[in-house]
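What follows is a short report on a single structure.
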Amino acid sequence: MICQKILLAFLLPVTVYGQSNSKNVTLHKELLPLYDMSLLPSYCTNTTEGEETTYDRLGGNNDGFRGTWSFVRRNPDSSLVMLDIDGPGVINRFYTPTPTSDTLDFYIDNMSSPTLSICYLDLFSGVRYPFVKPICGNAVGGYFCYFPILFQSHCRIVCRGKKLQFHQIGYRLYPKGTTVTSFSDNLSKKEKKDISRIALLWQNSREGVKGKKKQQFVSVSPGQTKTVGSWTRGGRINGIELDTTGTQDCRLRIFWDGEIHPAIDCPAAQFFGHVLHRPAMQSLLIGCRGNKNYVYFPMPFDHSARVELVNTSTSNTYKSMATIWYSRDSRHAATEGYFCAYAQSRHLETKDPYHVLLNVAGQGHYVGTMLTGQGDEGVNGTPFWEGDDSTVVDGVSMLHGTGTEDYFNGGWYNIEGRWNHLCSLPLSGCLGYSSETSWTGGYRLLISDKIPFKKSLYQGIEHGGTVVGVPVQYCSVVFYYVNKPYVFQTQ
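Here the numbering used here runs 1476 ahead of the position in the sequence shown, where the first position is 1.
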């Protein structure tokens, strides 16, 4: 959680290009991205993405332990203001590892009395509609809520308790002139149906995959590259499934629109969330279920596409039934990006300040992170997991988190029942934990809270413990959409 010197000293909203381009924003429109994955490639315009977190503004590790930075201000009655922003906008993610039994009051649109009063814990427990599972919940030590809380002119959140610790409150602000239907817990039939559709899809993400289905048996000999799908006219790939057996011996490569460089060139095991030679991830859009690897990110293209498997083994033949869903709905060039993935493995020495997840130029949006860390021999525990996530959009602003497990919606690693075991949820999870071998990993998908950029994006994780980093091997895969079929990523 050591503050990077290259970033701003204080948290600022990020001026980016947000979720909806509509001048009329409703709860229905904000719930759509949580179940209609066809919206994921679409660019976002004319909004500002921001985040209020409890990170230590002095650059230390007091990201909530003592509560120094856990409120905007203290009211005369000792209640604590957690967020105070002008609209129009929406709160799109609320995370904490330290909820309390105190009441939270949400003052929407300068109301003199709260529009919503709720026990802090019940924002995540599922007992108070519409804050219900699976879009709200808790696991591996973290509590999360993705239910959109809309406001037209203002939103202020006040905790009636006397002390707060860690939290992250993500929000999006719309341009002036946008009409927003502010929060009400009296949902319409359509909005209740939206919540039901989210629950159904998150229980079985394959049901959301549309289009024609192409199946073929693939056998890839050692050292061989084989095409498992190709198209010579515009369309989109909506899903790919491959057998898990032998995944460790392959690379997955995908090319868009005749580009000689692949937009995706990843070790297949890393791409599908295998860790330590075993499947570990079952997220909404990518992972392994049963004996199948799957990816359900929509992937539009203009006029051609090619999916390849490269067998990197010297002795084993990879055999799989390959299933690909596709449609003839070509990419809408003005409004949609190409799907890309960037994988890397990097060893950081003691004084290396951060692991760069992505540093890319172009227009697009960031939609997912997988990260594992392995401390060198002699490293005790996982102190490298103290690093904050950092985001710079278009070279001018940032988001700043409170710790690596917090970024992945978890908390309190190496504590029984918290961040110490394998756990997969639709949007986030822990890939495993071992204090003895100094290893852990996590993942997070950003769907309703995707991070758009117009010119460039930097996304990184600070490397270090409370004082200085320890030698560690990081492996990461990130997912994003961008306006070019291939973009060179730099450190």
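All C-beta atoms in this analysis are idealised placements derived from N, C-alpha and C, irrespective of residue type, glycine included.
Contact set for residue i: own chain, Cβ-Cβ below 8 Å, skip 5 residues either direction
i	result
Tyr1802	Gly1687, Lys1688, Lys1690, Gly1705, Trp1707, Gly1711, Arg1712, Ile1713 and Asn1714
For residue j and residue i, believed in contact at Cβ under 8 Å, the rounded distance
i	j	result
Ser1932	Gly1877	Wrong, their Cβ atoms sit about 20 Å apart, outside the cutoff.
Pro1573	Tyr1619	7 Å
Tyr1957	His1841	5 Å
Thr1913	Tyr1889	Not a contact, Cβ separation roughly 14 Å.
Val1603	Ile1671	Contact flag wrong, Cβ pair sits at about 15 Å.
Trp1861	Glu1881	6 Å
Pro1743	Ala1819	7 Å
Gly1563	Leu1649	7 Å
Exposure label - residue i; buried when at least 16 CB within 10 Å
i	result
Thr1655	exposed
Pro1928	buried
Gly1535	exposed
Asp1725	buried
Gln1679	exposed
Pro1651	exposed
Arg1807	buried
Gly1540	buried
Ser1577	exposed
Ala1781	buried
Gln1935	buried
Lys1827	exposed
Ile1584	buried
Gly1854	exposed
Gly1526	buried
Closest by C-alpha distance to residue i, when choosing among the options
i	options	result
Ile1968	Lys1926, Asp1925 and Tyr1950	Coverage of the chain is limited to positions 1477 through 1967, which leaves residue 1968 absent and any answer about it impossible.
Glu1506	Tyr1596, Thr1867, His1643 and Ile1674	Ile1674
Trp1968	Gly1851, Lys1795, Thr1845 and Tyr1883	Nothing about residue 1968 can be read from this structure; the chain reaches only from 1477 to 1967.
Thr1811	Ser1518, Val1786, Tyr1883 and Thr1502	Ser1518
Ser1904	Asp1778, Ser1759, Tyr1511 and Phe1955	Ser1759
Asn1551	Asn1767, Cys1635, Asp1865 and Cys1621	Cys1635
Lys1639	Asn1500, Leu1580 and Val1832	Leu1580
Ser1791	Gln1628, Gly1722, Gly1886 and Val1783	Gly1722
Cys1621	Gln1628, Ser1629, Leu1599 and Gly1637	Leu1599
Ile1561	Glu1683, Thr1788, Cys1631 and Pro1590	Cys1631
Asn1537	His1939, Gly1637 and Asn1959	His1939
7 Å CB neighbourhood of residue i in its chain, flanking five on each side removed
i	result
Leu1898	Ala1756, Cys1906, Leu1907 and Gly1908
Leu1922	Tyr1842, Val1843 and Gly1844
His1504	Lys1666, Glu1667 and Asp1670
Phe1623	Pro1606, Phe1607, Ile1611 and Cys1612
Phe1642	Thr1530, Asp1539, Gly1540, Thr1572, Pro1573, Thr1574, Thr1878 and Asp1882
Asp1778	Gly1710, Asp1733, Ser1806, Arg1807 and Ala1809
Val1979	Nothing can be reported for residue 1979, as the shown portion of the chain is limited to 1477 through 1967.
Pro1509	Gln1495, Leu1515, Ile1923 and Ser1924
Tyr1493	Model confidence at Tyr1493 stands at a pLDDT of 32, short of 50, so the residue's coordinates are unreliable; what they give is reported in the following sentence. Excluding sequence neighbours, Tyr1493 sits near Tyr1519, Cys1520, Thr1521, Asn1522, Thr1523, Pro1928 and Lys1930.
Pro1902	Pro1610, Trp1678, Ser1759 and Leu1760
Leu1728	Ile1740, Cys1742, Ala1744, Phe1747 and Leu1785
Pro1961	Trp1732, Asp1733, Glu1735, Ala1739 and Tyr1814
6 Å CB neighbourhood of residue i in its chain, flanking five on each side removed
i	result
Leu1487	With a pLDDT of only 37 at Leu1487, under 50, the local geometry of the prediction cannot be trusted, and no value is derived from it.
Ile1625	Ile1567 and Phe1659
Val1963	Val1836 and Gly1838
Leu1559	Glu1528, Ile1633 and Ile1645
Ala1798	Gln1692, Val1694, Val1704 and Leu1718
Tyr1770	Glu1717
Ser1821	Cys1951
Val1948	Leu1824, Gly1849, Gly1851 and Phe1860
Val1696	Lys1702, Leu1785, Asn1787 and Tyr1794
Could you tell me which uninterrupted beta strand (DSSP E) segments, each at least 3 residues in length, are contained entirely in the segment 1884-1940, listed from first to last along the chain? 1904-1910, 1915-1921, 1927-1929 and 1932-1938
Quick check for students: name the residue ranges of the alpha helix (DSSP H) that lie wholly in the segment 1572-1638, counting only runs of 4 or more. 1598-1601
Starting from the N-terminal side, write out each stretch of the alpha helix (DSSP H) that is 4 residues or longer and does not extend beyond the segment 1833-1891. Those alpha helix (DSSP H) runs which fall completely within the segment 1833-1891 and span 4+ residues are 1880-1883.
Note down, one range per segment and in chain order, each beta strand (DSSP E) of at least 3 residues found wholly within the segment 1676-1718. Within the segment 1676-1718, the complete beta strand (DSSP E) runs of at least 3 residues are 1688-1696 and 1701-1707.
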